[in-house]
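Structure, as structure tokens:
Protein chains: 2
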Amino acid sequence: MAVNYKKELEAAAKSMIIVHDPEVLMKMIVRMVVYKVRVTHATMLMPNSDKDAYMLTISRGSLSSKVPIGLARMDKDEPLIRLFRDNKNKLVSKNGVVAYGEAKKILKKEKLDNRLRDILKETLHQMDILETVVCIPSYFRNELMSVLLLGRKKNCRKFVQEEINFFVALASNVAMALKNAQLFKELEGELNKRQQLFIRTTIALAVAIEAKDRHTHGHTTRVTNLSVEIAKKIMKNNNLPNDIKFLERLHIASLLHDIGKIGIPEHILNKENTLTKEEKAKIMEHPLIGATILHPISELKECILGVKYHHERYDGAGYPEGLRGDKIPLIASIISVADSFDTMTTYRPYRSILSKEEAKKEIERQSGKQFNPGVTAAFIQLYEEGKI
Amino acid sequence: MAVNYKKELEAAAKSMIIVHDPEVLMKMIVRMVVYKVRVTHATMLMPNSDKDAYMLTISRGSLSSKVPIGLARMDKDEPLIRLFRDNKNKLVSKNGVVAYGEAKKILKKEKLDNRLRDILKETLHQMDILETVVCIPSYFRNELMSVLLLGRKKNCRKFVQEEINFFVALASNVAMALKNAQLFKELEGELNKRQQLFIRTTIALAVAIEAKDRHTHGHTTRVTNLSVEIAKKIMKNNNLPNDIKFLERLHIASLLHDIGKIGIPEHILNKENTLTKEEKAKIMEHPLIGATILHPISELKECILGVKYHHERYDGAGYPEGLRGDKIPLIASIISVADSFDTMTTYRPYRSILSKEEAKKEIERQSGKQFNPGVTAAFIQLYEEGKI
Chain C
1 MAVNYKKELE
11 AAAKSMIIVH
21 DPEVLMKMIV
31 RMVVYKVRVT
41 HATMLMPNSD
51 KDAYMLTISR
61 GSLSSKVPIG
71 LARMDKDEPL
81 IRLFRDNKNK
91 LVSKNGVVAY
101 GEAKKILKKE
111 KLDNRLRDIL
121 KETLHQMDIL
131 ETVVCIPSYF
141 RNELMSVLLL
151 GRKKNCRKFV
161 QEEINFFVAL
171 ASNVAMALKN
181 AQLFKELEGE
191 LNKRQQLFIR
201 TTIALAVAIE
211 AKDRHTHGHT
221 TRVTNLSVEI
231 AKKIMKNNNL
241 PNDIKFLERL
251 HIASLLHDIG
261 KIGIPEHILN
271 KENTLTKEEK
281 AKIMEHPLIG
291 ATILHPISEL
301 KECILGVKYH
311 HERYDGAGYP
321 EGLRGDKIPL
331 IASIISVADS
341 FDTMTTYRPY
351 RSILSKEEAK
361 KEIERQSGKQ
371 FNPGVTAAFI
381 QLYEEGKI
Chain D
1001 MAVNYKKELE
1011 AAAKSMIIVH
1021 DPEVLMKMIV
1031 RMVVYKVRVT
1041 HATMLMPNSD
1051 KDAYMLTISR
1061 GSLSSKVPIG
1071 LARMDKDEPL
1081 IRLFRDNKNK
1091 LVSKNGVVAY
1101 GEAKKILKKE
1111 KLDNRLRDIL
1121 KETLHQMDIL
1131 ETVVCIPSYF
1141 RNELMSVLLL
1151 GRKKNCRKFV
1161 QEEINFFVAL
1171 ASNVAMALKN
1181 AQLFKELEGE
1191 LNKRQQLFIR
1201 TTIALAVAIE
1211 AKDRHTHGHT
1221 TRVTNLSVEI
1231 AKKIMKNNNL
1241 PNDIKFLERL
1251 HIASLLHDIG
1261 KIGIPEHILN
1271 KENTLTKEEK
1281 AKIMEHPLIG
1291 ATILHPISEL
1301 KECILGVKYH
1311 HERYDGAGYP
1321 EGLRGDKIPL
1331 IASIISVADS
1341 FDTMTTYRPY
1351 RSILSKEEAK
1361 KEIERQSGKQ
1371 FNPGVTAAFI
1381 QLYEEGKI
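First to last, the sequence lines map onto chains C and D.
Following the working numbering, the numbering of the first sequence begins with 1 at its first residue and continues without gaps.
Following the working numbering, the numbering of the second sequence begins with 1001 at its first residue and continues without gaps.
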């Protein structure tokens, strides 16, 4: 059955443009070429990120004729690469494609520039090793983006002009798609960097604020880690995949859960004796103060719920609003367990320190009273798996 | 001279892929079509962001035959749009292009589906109004991305098949480029959102920390605004364009310049009487404490310089390191002037409040002593322009 190359090309181009991972892109193209043109193998050479070498990213086709895996890298100064990088291939054919047979013929010409003869000879040698009968380069502007190496056709016939034209058009699309994927990758890298910056700055400031309370060293980090572990366990218990968005929000909310302590006078935070009723009331303001500080940041709406309600109790006896049961946002119920466990197991002036085992038992006892039973269950599981 | 459509197409496609602003993209395409194919006008219909209407984004060509500007919007239920959105155009021609003459012929057929006849009639009427002889839709998957409307050729001849083929291939590329631009725009939007989140969270935390010092309400915001204005003025004075990166860093650094006060005991920060030598020494630690808090955040390296050195003096008599003259990073020299001005003009327990005019004179007097003269000059200019 004849292949409708024009149709194939259009379909490929449309898929390519929305694939932003160069590796996936290459796999797609190589697979398509092997499948449609029925060659023994197809291999793609692509520059590595340093652009000092070209990697044989993919090799596909019938096993016996696959390019050896060991040959995974070609230095940018290898003849085959140089031929294309220096645009010498344009001297071999108008469309830039280097076919083994044609190149052999050119070598036989007497009047051939010596440097072209050398590089062409060496390239043919490399094509021999790679069992390659045709090389199709792709350029973006003048930058060599890739070289597609093809083995012979399975029916042993020569490539026809229509096929070569298809490869050339494909190469042009590949160049664009690769450039596009590069640009996307850069933008995504930038996105990632900014997210990191946000998280790190939040951590730095949260830790600085935490330092005002001399009893809570490391508390924020421990609560954050434990909260995230509990959340993952809950998702697993419910046969759900990790909800990345929720985990991100929980991460931020845990980092910021005690941010409101910035509004509590130091002498209360650091008091070694029993607190007076008024002082206790003042400390109990910290979830609301935290929520107020973060209120202007609309993107943190969900996180603020965690900050505001992490001292609510499942039985409704908590603060600031006395919310009950499932009315308490899950994000806050999770932080509540993690926060309580860490508080119980670290030194506080107003009560004695508990062992992990004692604290776990206390949390178990409070399941359905102070704590959400689902969250408690996940916590207990983690504990019993030795992960806390 | 004959146009090499294949070459034009390739060149256009390569440019398109790296243009990520749909508006610019459309301008490029329309300009290219008018220039290469020599039509009286070319117009692009593109969905608006709500996708409830198509906008006549661009109209180009000889003035007399340009599409009237008033006709800037077509509802998504207009016949011309519906014809293409519902893929009814495929019933008119195999490649989806609707040409005026061909469509007229089809209308004359007796055996024509009534709904197709109606929509085609109405479409031709709209093409009349828009002086359009051919419509070329472009699709990404099944989504209508755009319709290119072309006026007649300037030489009044009919479009030939080669031209139509070119339009169809171009439309396919346009669809991809538009989809790609959309994806980029989304990613850029996300990037922008995260940057906003970072800035807003930093502001919220900085303001919360500032609130510990009861004398400095609003100080951070005022210093930040003034710093940025001074920086812009300096750039203008040096005939430089706004250095966005520097302004961003200065913005963050100003927001965080007093972050180290979190490490100073409240009773010192809020003391109404004269500070003891030890208390003064403690307060003078705040730039270093701030730098230490932010130290783990490598992305803030340049900002940290502003935090660390905003109490250095041009004559070398400042702290923490006694840096002198241009050894003091510019970012810190700018914050220094803005910070001093705001401190002088707002209430502090340890000295009397100055009027803006008095504070300005003091800064002028301290030029070359406490302050960098270049920064002082920019500040004075702003003051004299009534901008402070």
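Where a beta carbon is used, it is the ideal one built from N, C-alpha and C, also for glycine.
For the alpha helix (DSSP H) that residue i lies in, which residues bound it at each end?
i: D:Phe-1184; result: 1161–1210
i: C:Asp-128; result: 114–129
i: C:Gly-290; result: 286–294
i: C:Ala-53; result: Segment 53–61 is the beta strand (DSSP E) holding C:Ala-53; no alpha helix (DSSP H) there.
i: C:Leu-83; result: 79–85
i: C:Lys-361; result: 356–365
i: C:Leu-226; result: 219–237
i: D:Ala-1103; result: 1100–1108
i: D:Ile-1029; result: 1022–1037
Where does residue i sit, in a helix, a strand or coil, going by DSSP?
i: D:Thr-1343; result: helix
i: D:Arg-1249; result: helix
i: D:Met-1001; result: Here the model assigns D:Met-1001 a pLDDT of 48, short of 50, so the residue's position is not dependable and the matter cannot be decided.
i: D:Arg-1152; result: coil
i: D:Arg-1348; result: strand
i: D:His-1267; result: helix
i: D:Ser-1049; result: coil
i: C:Leu-144; result: strand
i: D:Ala-1042; result: strand
i: C:Ala-332; result: helix
i: C:Ile-297; result: coil
i: D:Glu-1312; result: coil
i: D:Gly-1318; result: coil
i: C:Ile-304; result: helix
i: D:Val-1092; result: coil
i: C:Val-97; result: coil
i: C:Leu-240; result: coil
i: C:Val-19; result: coil
In whole angstroms, what is the alpha-carbon distance linking residue i and residue j?
i: D:Tyr-1314; j: C:Val-337; result: 53 Å
i: D:Ile-1129; j: D:Arg-1141; result: 30 Å
i: D:Thr-1376; j: C:Ile-209; result: 34 Å
i: C:Met-284; j: C:Pro-320; result: 8 Å
i: D:Lys-1356; j: D:Arg-1365; result: 14 Å
i: C:Lys-158; j: C:Leu-25; result: 27 Å
i: C:Glu-162; j: C:Ile-234; result: 58 Å
i: C:Leu-305; j: C:Asn-237; result: 23 Å
i: C:Lys-327; j: C:Lys-369; result: 14 Å
i: D:Thr-1345; j: D:Ile-1353; result: 6 Å
i: C:Arg-38; j: C:Lys-6; result: 17 Å
i: D:His-1310; j: D:Phe-1198; result: 23 Å
i: D:Lys-1387; j: C:Arg-85; result: 56 Å
i: D:Arg-1194; j: C:Thr-201; result: 13 Å
i: C:Ser-298; j: D:Gln-1196; result: 10 Å
i: C:Arg-152; j: C:Lys-111; result: 30 Å
i: C:Val-207; j: D:Val-1223; result: 25 Å
i: D:Lys-1104; j: C:Leu-150; result: 49 Å
i: C:Leu-205; j: D:His-1251; result: 17 Å
i: D:His-1257; j: D:Arg-1249; result: 12 Å
i: C:Tyr-35; j: C:Asn-87; result: 29 Å
Just reading off the beta strand (DSSP E) that residue i is part of, what are its end residues?
i: D:Thr-1274; result: That residue, D:Thr-1274, is in no beta strand (DSSP E); it is neither H nor E in DSSP.
i: C:Phe-140; result: 134–140
i: C:Arg-73; result: 73–75
i: D:Pro-1373; result: That residue, D:Pro-1373, is in no beta strand (DSSP E); its alpha helix (DSSP H) goes 1373–1384.
Compute the minimum distance between the beta carbon of residue i and the heavy atoms of the ligand NAD, and state whether it is under 8 Å.
i: D:Thr-1376; result: No copy of the ligand NAD appears in this structure; indeed no ligand is present at all.
field: Cβ pair count under 8 Å reaching 3, the region 163–173 of chain C against the region 5–22 of chain C
entry: yes
Review point. Are at least three pairs of beta-carbons, each pair with one atom in the region 283–299 of chain C and one in the region 1233–1245 of chain D, less than 8 Å apart?
Key: no
(request) Flag this pair as touching only if the region 366–383 of chain C and the region 342–351 of chain C have three or more C-beta atom pairs under 8 Å; answer yes or no. (result) no
- Message: Could you check whether the region 1044–1052 of chain D touches the region 1196–1213 of chain D, counting it as contact only if at least three pairs of C-beta atoms, one from each stretch, sit closer than 8 Å?
- Response: no
Are the region 1181–1198 of chain D and the region 181–193 of chain C touching by the rule of at least three beta carbon pairs closer than 8 Å? yes
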